[in-house]
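Undergrad: Per our numbering, the very first residue in the sequence shown carries number 1; after that it's consecutive.
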Amino acid sequence: GQKCFTQADPRRKMAMLCWSLAPKHKTEKLYFCLYRCLVSNNVSLTSQKLAVPIRTFMGFLCVSPCLIFLYINTVMLYSLKSKPVFRETSRYILFGNLLFADTILLVTSQLLYILAVAGLFVIRYICAVIVLVAIFTSTVSPLNLSVMSLERYVAICYPLRHSSIVTPRTTGIVIAVIWTLSSLNTMIKLIMLLVLDSLPLDQVMQEFCSTNKLFCLEIHNQVDNIMQGIVFTTVGFIIIYTYITMMVIAKSASSDKDLNSKARKTVLLHLIQLGLSLSSTVLPSIVSALKSRGMDKATQIEYILFIVMIIMPRCLSPLIYGLRDKIFRHILMHHLTCGLRPKVKPSKISSY
1 GQKCFTQADP RRKMAMLCWS LAPKHKTEKL YFCLYRCLVS NNVSLTSQKL AVPIRTFMGF
61 LCVSPCLIFL YINTVMLYSL KSKPVFRETS RYILFGNLLF ADTILLVTSQ LLYILAVAGL
121 FVIRYICAVI VLVAIFTSTV SPLNLSVMSL ERYVAICYPL RHSSIVTPRT TGIVIAVIWT
181 LSSLNTMIKL IMLLVLDSLP LDQVMQEFCS TNKLFCLEIH NQVDNIMQGI VFTTVGFIII
241 YTYITMMVIA KSASSDKDLN SKARKTVLLH LIQLGLSLSS TVLPSIVSAL KSRGMDKATQ
301 IEYILFIVMI IMPRCLSPLI YGLRDKIFRH ILMHHLTCGL RPKVKPSKIS SY
């Protein structure tokens, strides 16, 4: 009975127990254990066969919405580049920068997921490149949201000076500052990886590529928590401050009620986007907690959390933001329908 399994097979102990509990007669004992051995092997093979379609279905479930929204994001970026009025208006330039950063983050997150589902172990420096790009772009989004809120703040609080303060040139400078500040966290992580990590970068990883597996030292988590705390606290303060200020100005009789209402709704949407971005940062901690407790369905829960906290926020938020603008919505629908829907001339920029 013990020969049914290899020495390293954990089911060997089960076979030994089966042998001890079997009938005393040798022939009956042999048939009894042979039967249990075959049943155990069949159950194992059946489980393995069932696991393949389940993993395939879960992979399809995660990849499909990502591919759909990647197509939509690409069309949105093309729409922003298709008209000069979009390329020359600061609000659309900032929106395009946000959309570009979220699209890159979506691609890198999906790539890490596909590598994990396929069971591929990559070289450490390849994993480092993918993870660092994801970290880089994940910091761009909240900083960009704060600048977009400030742009609406200037439009409402200083309408006469808005056109002189918010120009394509100043917007380009601000975007350069955003990407520079975002690179600081990435550079710190890269230096720590080269200095503190004893493993060579040309070594094949023994686990799936992820942020937690690449930066596994406690000091990495501490630095990451500090950087994220600074970014989200600062951005949250800016967005909340601009929202409250515009609410106060809305009570003024001389203010444009409709314009102010649209601007406040836009800033509120920025705050929701910031909350969704913040929730995605706690996903690794949640997954680690589930696995440490030995939950049977931890993998399935991880799939669901990946869709809800990573895929959906990066897809739905820019789409909703873009569809709120009437002019951009018509141009976007024209491109999404491959020209079947007539497009309108963006002669007037709507305020939202």
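Even glycine gets a Cβ: it sits at the ideal position worked out from N, Cα and C.
Leaving out the 5 sequence neighbours to the left and right, which residues in its chain are closer than 6 Å to Q110 when beta-carbon positions are compared?
TA: Along the sequence shown, read from residue 1 onward, the residue named residue 110 stands at position 110. Only C66 meet the Cβ criterion.
Undergrad: Using beta-carbon positions only, say whether S90 and V166 come within less than 7 Å of one another.
TA: Residue numbering aside, residue 90 sits at position 90 when the sequence shown is read from its first letter. Residue numbering aside, residue 166 sits at position 166 when the sequence shown is read from its first letter. For S90 and V166, yes; Cβs fall inside 7 Å.
Undergrad: Whole angstroms are fine: how far does the CA of I68 sit from the CA of A101?
TA: As a first step, residue 101 is located in the sequence shown; it is residue number 101 there, counting from the start. As a first step, residue 68 is located in the sequence shown; it is residue number 68 there, counting from the start. Each residue's alpha carbon lies about 17 Å from the other.
Undergrad: Could you have a look at V204 and say whether DSSP puts it in helix, strand or coil?
TA: By one-based count along the sequence shown, residue 204 stands at place 204. V204 falls in the strand class under three-state DSSP.
Undergrad: Taking only the alpha-carbon atoms, compute the straight-line gap between S277 and I126 and give it to the nearest angstrom.
TA: For the purposes of this step, residue 277 is identified with residue 277 of the sequence shown, where counting begins at 1. For the purposes of this step, residue 126 is identified with residue 126 of the sequence shown, where counting begins at 1. Straight-line Cα distance between these residues: approximately 25 Å.
Undergrad: Contact between the region 82 to 97 and the region 320 to 339 is defined here as three or more beta-carbon pairs at a separation below 8 Å; is this criterion met?
TA: Segments in contact, yes.
Undergrad: Taking the alpha-carbon of N97 as reference, which of V174, V129 and L115 has the nearest alpha-carbon?
TA: Looking up residue 97 in the sequence shown gives position 97. Considering only alpha carbons, the answer is V174.
Undergrad: Tell me, which residues are paired with I310 by DSSP?
TA: In the sequence shown, residue 310 corresponds to position 310, counting from 1. Partner(s): none; I310 has no beta bridge.
Undergrad: I'd like the span of the alpha helix (DSSP H) that includes S90, first residue to last.
TA: In the sequence shown, residue 90 corresponds to position 90, counting from 1. Looking at the DSSP string, the run of the alpha helix (DSSP H) that includes S90 is S90 to A118.
Undergrad: Determine the direct distance from the alpha carbon of F60 to that of C338, and round the result to whole angstroms.
TA: For the purposes of this step, residue 338 is identified with residue 338 of the sequence shown, where counting begins at 1. For the purposes of this step, residue 60 is identified with residue 60 of the sequence shown, where counting begins at 1. Approximately 26 Å between the Cα atoms of the pair.
Undergrad: Return the CA-CA distance between S210 and L160, expressed in angstroms with no decimal places.
TA: On the sequence shown, position 210 is the one that residue 210 refers to. On the sequence shown, position 160 is the one that residue 160 refers to. Those two C-alpha atoms are separated by around 49 Å.
Undergrad: What residues match up with I331 in a beta bridge as DSSP calls it?
TA: Here residue 331 refers to the residue found at position 331 when the sequence shown is read from its first residue. Per DSSP, none; premise fails for I331.
Undergrad: State the start and end residues of the unbroken alpha helix (DSSP H) segment that holds T171.
TA: Taking the sequence shown and counting its residues from 1, the one referred to as residue 171 is at position 171. Taken as a continuous stretch (DSSP letters only), the alpha helix (DSSP H) holding T171 covers P168 to L196.
Undergrad: Measure the alpha-carbon distance for H270 versus I239 and round it to whole angstroms.
TA: As a working mapping, residue 270 is identified with position 270 in the sequence shown. As a working mapping, residue 239 is identified with position 239 in the sequence shown. Cα-Cα distance, rounded: 7 Å.
Undergrad: Based on DSSP bridge pairs, tell me the residues matched to I123.
TA: Position 123 of the sequence shown, counting from 1, holds the residue named residue 123. DSSP lists V204 as partners of I123.
Undergrad: Could you check the C-alpha separation between V107 and T74 for me, to the nearest Å?
TA: In the sequence shown, residue 107 corresponds to position 107, counting from 1. In the sequence shown, residue 74 corresponds to position 74, counting from 1. Straight-line Cα distance between these residues: approximately 12 Å.
Undergrad: Within 8 Å, do at least three Cβ pairs link the region 112 to 123 to the region 232 to 248?
TA: They do not touch, by the three-pair rule.
Undergrad: Would you tell me roughly how many angstroms separate the C-alpha atoms of H335 and I226, rounded to the nearest one?
TA: Start at 1 with the first residue of the sequence shown, and residue 335 comes out as number 335. Start at 1 with the first residue of the sequence shown, and residue 226 comes out as number 226. Distance between the alpha carbons of H335 and I226: 42 Å.
Undergrad: In terms of residues, what are the limits of the alpha helix (DSSP H) holding S210?
TA: Taking the first residue of the sequence shown as 1, we reach residue 210 at position 210. Run containing S210: none; DSSP gives neither H nor E here.
Undergrad: For a test of the three-state rule: what should DSSP assign to T337, helix, strand or coil?
TA: Residue numbering aside, residue 337 sits at position 337 when the sequence shown is read from its first letter. Coil.
Undergrad: Excluding the five sequence neighbours on either side, which residues of its own chain have a C-beta within less than 8 Å of the C-beta of S279, listed in chain order?
TA: Counted from its first residue, the sequence shown places residue 279 at position 279. Counting only Cβ-Cβ distances below 8 Å, and skipping sequence neighbours, we find M309 and P313.
Undergrad: Can you list, in chain order, the residues of its chain whose CB lies under 6 Å from that of I244, leaving out five sequence neighbours each side?
TA: Counting from 1 along the sequence shown, the entry for residue 244 is found at position 244. None.
Undergrad: DSSP three-state label for D325, please.
TA: Stepping through the sequence shown from its first residue, residue 325 is reached at position 325. Three-state result, D325: coil.
Undergrad: What whole-angstrom Cβ distance do F232 and S183 have, given they're in contact under 8 Å?
TA: Mapped onto the sequence shown, residue 232 falls at position 232. Mapped onto the sequence shown, residue 183 falls at position 183. About 18 Å; that fails the 8 Å criterion.
Undergrad: How would you label M246, buried or exposed, when you count the other beta carbons within 10 angstroms and need 16 or more for buried?
TA: Taking the sequence shown and counting its residues from 1, one reaches residue 246 at position 246. Buried.
Undergrad: Between L190 and I249, what straight-line distance do the alpha-carbon atoms span, to the nearest angstrom?
TA: For the purposes of this step, residue 190 is identified with residue 190 of the sequence shown, where counting begins at 1. For the purposes of this step, residue 249 is identified with residue 249 of the sequence shown, where counting begins at 1. Their Cα atoms are separated by approximately 45 Å.
Undergrad: So is L132 buried or exposed if we call it buried at 16+ other beta carbons inside 10 Å?
TA: By one-based count along the sequence shown, residue 132 stands at place 132. So L132 ends up on the buried side.
Undergrad: By how many angstroms is the C-alpha of I178 removed from the C-alpha of T139?
TA: For the purposes of this step, residue 139 is taken as the residue at position 139 of the sequence shown. For the purposes of this step, residue 178 is taken as the residue at position 178 of the sequence shown. C-alpha separation (whole angstroms): 9 Å.
Undergrad: Work out the CA separation of I188 and I219 for me, nearest whole Å.
TA: As a working note, residue 219 is residue 219 in the sequence shown. As a working note, residue 188 is residue 188 in the sequence shown. Straight-line Cα distance between these residues: approximately 12 Å.
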